[in-house]
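A.B. asks:
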Ligand SMILES: Nc1ncnc2c1ncn2[C@@H]1O[C@H](COP(=O)(O)OP(=O)(O)OP(=O)(O)O)[C@@H](O)[C@H]1O
Ligand SMILES: [Mg+2]
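In my numbering, the protein residues as written are 2 to 322.
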């Protein structure tokens, strides 16, 4: 491999400058959520029968995999199931009404039901907080029915265990695991921007990378780790079932009919990629082949200019070295 023009170090500085959410921003957004969460806790201590039981930072900001382009903050809210509506739009109205009660200093129009979540908007700076309902029946491990942000269905899952699952992979490869996740997410965001039909959920990317990491792949060299990821997709054509035994035995993993089978690490019968069609999978496969070819070409290109041009096929014109 010729790497004189663009090597690991150049990818590291590209990631710092263009890909990653800066730490100060992440800290500021986490503090914003903490204030909301504490306000709910105060309200709960005065109204112990209140139906909203807990708010928890979820999504990329909680996992440390957020991109610079982050545009909302995901927060899961546990709603005691007994008297909450089961139908999604009614549930969102119910959640909005309860949030307004717990946060009286927010005006009604700052707390708005959307299709599958309720946004809490802050005046001035800060991002909107996207509150996603989880119907919860008191499970001590915090399993509950999460409203899918893809189609509004209820998914039995466990956010704290998801966070622990990712943390475990981060501990095994500090800095590198989350950096490679962010680089792949950045690539996927470019593909989405270029093609409305392209989809590749962040959680699926994290789970595929988790599987590669668990199989012993080192992420410490970014060009190589990226190449491995794209090669994996090209080799398997997304037809290999991916599951993990952190939280259940292999024998409990369900049988699925869908083309893409990436199973929730906390619920053996929840296929995280169940909505991905053959066409969605093929688009990922094609894009992965292109990206893999471009990285190969970049690693053997004779001039700096050509090398950069190939990396731009992966990361766009933002990539400069
Ligand atoms: N199909 C699903 N089954 C179970 N949990 C899910 C599913 N989809 C999402 N989640 C939960 O929601 C979290 C957010 O995942 P998602 O892929 O939507 O975005 P993200 O990690 O916040 O990334 P970004 O917002 O930067 O694209 C996951 O970490 C997981 O806990
Ligand atoms: Mg998110």
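Don't be surprised by glycine CBs; every beta carbon is placed ideally from N, CA and C. The structure presented is a predicted model; accordingly, all values stated were derived computationally and were not measured.
Just to confirm the assignment: which complete alpha helix (DSSP H) runs, minimum length 4, are found wholly within the segment 72–110?
C.D. replies: Taking only runs of at least 4 residues, the alpha helix (DSSP H) segments lying wholly in the segment 72–110 are 89–103.
A.B. asks: Could you tell me the boundaries of the beta strand (DSSP E) in which residue 137 lies?
C.D. replies: Along the chain shown, one-based indexing puts residue 137 at 136. Its beta strand (DSSP E) spans residues 130–137.
A.B. asks: DSSP three-state call for residue 270: helix, strand or coil?
C.D. replies: By 1-based counting over the chain shown, the position of residue 270 is 269. If DSSP states are grouped into helix, strand and coil, residue 270 belongs with coil.
A.B. asks: Can you check which of these residues, 279, 246 and 252, is closest to residue 258 by C-alpha distance?
C.D. replies: As a position in the chain shown, residue 258 is number 257, starting the count at 1. When each option's Cα is compared against that of residue 258, the closest is 279.
A.B. asks: Among the candidates 208, 153 and 68, whose CA atom is the shortest distance from the CA of residue 20?
C.D. replies: Taking the first residue of the chain shown as 1, we reach residue 20 at position 19. Nearest option by C-alpha distance: 68.
A.B. asks: State the start and end residues of the unbroken alpha helix (DSSP H) segment that holds residue 158.
C.D. replies: On the chain shown, position 157 is the one that residue 158 refers to. Residue 158 -> not in any alpha helix (DSSP H); beta strand (DSSP E) instead, spanning 155–158.
A.B. asks: Would you kindly check if the distance between the Cβ of residue 96 and the Cβ of residue 80 is under 9 Å?
C.D. replies: The sequence position of residue 80 within the chain shown is 79, counting from 1. The sequence position of residue 96 within the chain shown is 95, counting from 1. Contact flag set, yes.
A.B. asks: For residue 193, I'd like the list of residues in its chain whose CB is within less than 6 Å of its CB, leaving aside the five on either flank, ordered along the chain.
C.D. replies: By 1-based counting over the chain shown, the position of residue 193 is 192. Hits under 6 Å: 199.
A.B. asks: Would the beta-carbon of residue 160 be found less than 8 Å away from any heavy atom of ligand 1?
C.D. replies: Looking up residue 160 in the chain shown gives position 159. Flag set: Cβ of residue 160 near ligand 1.
A.B. asks: Could you give the first and the last residue of the continuous alpha helix (DSSP H) run that contains residue 35?
C.D. replies: Numbered from its first residue, the chain shown carries residue 35 at position 34. Element bounds for residue 35: 24–47.
A.B. asks: Using a strict less-than 6 Å threshold between each residue's beta carbon and the heavy atoms of ligand 2, what residues do you get?
C.D. replies: In chain order, the qualifying residues are 60, 61 and 75.
A.B. asks: Closest by CA to residue 295, which one among 30, 32, 284 and 312?
C.D. replies: Indexing the chain shown from 1 puts residue 295 at position 294. Here the closest residue by C-alpha is 312.
A.B. asks: Would DSSP call residue 242 helix, strand or coil?
C.D. replies: Residue 242 sits at position 241 when you count from the first residue of the chain shown. If DSSP states are grouped into helix, strand and coil, residue 242 belongs with coil.
A.B. asks: Just tell me which of 174, 224, 213 and 189 has its CA closest to the CA of residue 202.
C.D. replies: The count along the chain shown starts at 1 and reaches residue 202 at position 201. Answer by Cα proximity: 189.
A.B. asks: Do residue 289 and residue 231 count as a contact pair if the criterion is CB distance below 9 Å?
C.D. replies: Locating residue 231 in the chain shown gives position 230, counting from the first residue. Locating residue 289 in the chain shown gives position 288, counting from the first residue. Yes, Cβ-Cβ distance for residue 231 and residue 289 is below 9 Å.
A.B. asks: Hey, is the segment 166–175 in contact with the segment 128–140, meaning 3+ C-beta pairs nearer than 8 Å?
C.D. replies: Contact between the segment 166–175 and the segment 128–140 is absent, because fewer than three Cβ pairs lie under 8 Å.
A.B. asks: To the nearest angstrom, how far is it from the Cα of residue 205 to the Cα of residue 271?
C.D. replies: Your numbering for residue 205 matches position 204 in the chain shown. Your numbering for residue 271 matches position 270 in the chain shown. Looking at the two C-alpha atoms, the distance is approximately 13 Å.
A.B. asks: Residue 8 by DSSP, collapsed to three states: which one?
C.D. replies: Stepping through the chain shown from its first residue, residue 8 is reached at position 7. Coil at residue 8, not helix or strand.
A.B. asks: Could you tell me how far apart the beta carbons of residue 129 and residue 73 are, in whole angstroms, since I believe they sit closer than 8 Å?
C.D. replies: What you label residue 129 is simply residue 128 of the chain shown in a count that begins at 1. What you label residue 73 is simply residue 72 of the chain shown in a count that begins at 1. With 8 Å as the limit, residue 129 and residue 73 qualify as a contact, their Cβ atoms being about 5 Å apart.
A.B. asks: Rounding to the nearest angstrom, what Cα-Cα distance links residue 214 and residue 226 in this structure?
C.D. replies: In the chain shown, the residue the question calls residue 214 occupies position 213. In the chain shown, the residue the question calls residue 226 occupies position 225. Taking the straight line from one Cα to the other gives about 10 Å.
A.B. asks: Does the distance from the C-beta atom of residue 59 to that of residue 160 stay below 9 Å?
C.D. replies: Taking the first residue of the chain shown as 1, we reach residue 59 at position 58. Taking the first residue of the chain shown as 1, we reach residue 160 at position 159. Taking 9 Å as the Cβ cut-off, residue 59 and residue 160 qualify as a contacting pair.
A.B. asks: Should residue 6 and residue 309 be called a contact, given that it needs their Cβ atoms to be closer than 9 Å?
C.D. replies: Residue numbering aside, residue 6 sits at position 5 when the chain shown is read from its first letter. Residue numbering aside, residue 309 sits at position 308 when the chain shown is read from its first letter. Yes, they are a contact pair.
A.B. asks: So, with DSSP's three-state summary, where would you put residue 248?
C.D. replies: Translated into positions along the chain shown, residue 248 becomes position 247. Three-state result, residue 248: coil.
A.B. asks: Heavy atom of ligand 1 less than 8 Å from the Cβ of residue 204, yes or no?
C.D. replies: Indexing the chain shown from 1 puts residue 204 at position 203. Yes, Cβ of residue 204 sits closer than 8 Å to a heavy atom of ligand 1.
A.B. asks: Pull the bridge partners of residue 147 from the DSSP assignment, please.
C.D. replies: Within the chain shown, residue 147 is the residue found at index 146, counting from 1. DSSP lists 135 and 156 as partners of residue 147.
A.B. asks: Just to confirm, does residue 34 get its C-beta within under 8 Å of one of the non-hydrogen atoms of ligand 1?
C.D. replies: Sequence index remark: in the chain shown, residue 34 carries index 33 (1-based). No, ligand 1 has no heavy atom inside 8 Å of this Cβ.
A.B. asks: Can you grab the Cα-Cα spacing for the pair residue 18 / residue 91, in whole Å?
C.D. replies: Residue numbering aside, residue 18 sits at position 17 when the chain shown is read from its first letter. Residue numbering aside, residue 91 sits at position 90 when the chain shown is read from its first letter. Between residue 18 and residue 91, the C-alpha separation is close to 43 Å.
A.B. asks: Considering only their Cβ atoms, is the gap separating residue 266 from residue 233 smaller than 9 Å?
C.D. replies: On the chain shown, residue 233 is found 232 positions in, with the first residue counted as 1. On the chain shown, residue 266 is found 265 positions in, with the first residue counted as 1. Contact flag unset, no.
A.B. asks: For ligand 1, I want to know if residue 64 counts as a neighbour, meaning its beta carbon is within less than 8 Å of at least one of the ligand's heavy atoms.
C.D. replies: Sequence index remark: in the chain shown, residue 64 carries index 63 (1-based). Residue 64: yes, Cβ under 8 Å from ligand 1.
A.B. asks: Give the straight-line distance between the Cα atoms of residue 33 and residue 207, rounded to the nearest whole angstrom.
C.D. replies: Taking the chain shown and counting its residues from 1, one reaches residue 33 at position 32. Taking the chain shown and counting its residues from 1, one reaches residue 207 at position 206. If you take the alpha carbons of residue 33 and residue 207, they lie about 25 Å apart.
A.B. asks: Give the straight-line distance between the Cα atoms of residue 287 and residue 178, rounded to the nearest whole angstrom.
C.D. replies: The sequence position of residue 287 within the chain shown is 286, counting from 1. The sequence position of residue 178 within the chain shown is 177, counting from 1. Taking the straight line joining both Cα atoms gives about 24 Å.
A.B. asks: Take the Cβ of residue 65 as the centre, count every other Cβ of all protein chains shown within 10 Å, and call the residue buried at 16 or more, exposed below.
C.D. replies: The sequence position of residue 65 within the chain shown is 64, counting from 1. It counts as buried.
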